[in-house]
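Shown next, in structure tokens, is the structure this report addresses.
In the numbering used here, the protein residues as written are 1 to 98.
Put into structure tokens, the structure is as follows:
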């Protein structure tokens with residue numbers, strides 16, 4: 001998986017969230033930086049995979065495999081409508097320090 005494919009996948013998930021009407025509490029779309037939590041990556045690692053200008057890192061095989069697995073789930077994963085998904089998003093934005 002290339003870094004561009006990784007970025008494209010994040011954009012695809014954002015579009016799915018928007019289509020499912022999952023937003024921040026103020027109605028704004030879910031930003032890219034949420035997906036480092038979704039994927040279980042550190043923010044610094046995620047940033048280097050997505051847009052690290054001087055320190056762009058290749059996407060490790062285990063992350064590529066996880067992303068492809070998640071992508072094979074239903075087009076709009078059942079977890080999007082689940083209360084826990086929305087609670088996780090709310091928790092993330094309440095505790096985000098960036």
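For each residue, glycine too, the CB sits at the ideal point set by N, CA and C.
- Burial check for residue 43: the Cβ neighbour count within 10 Å stays below 16, so the residue is exposed.
- A contact is defined here as three or more CB-CB pairs under 8 angstroms, and the region 18–25 fails this definition with respect to the region 61–73.
- Exclusion of the five residues before and after residue 35 leaves 10 as the residues of its chain whose Cβ lies within less than 6 angstroms of its Cβ.
- Per DSSP, residue 29 lies in no alpha helix (DSSP H) and is assigned neither H nor E.
- Counting along the chain, the unbroken alpha helix (DSSP H) around residue 3 starts and ends at 3–19.
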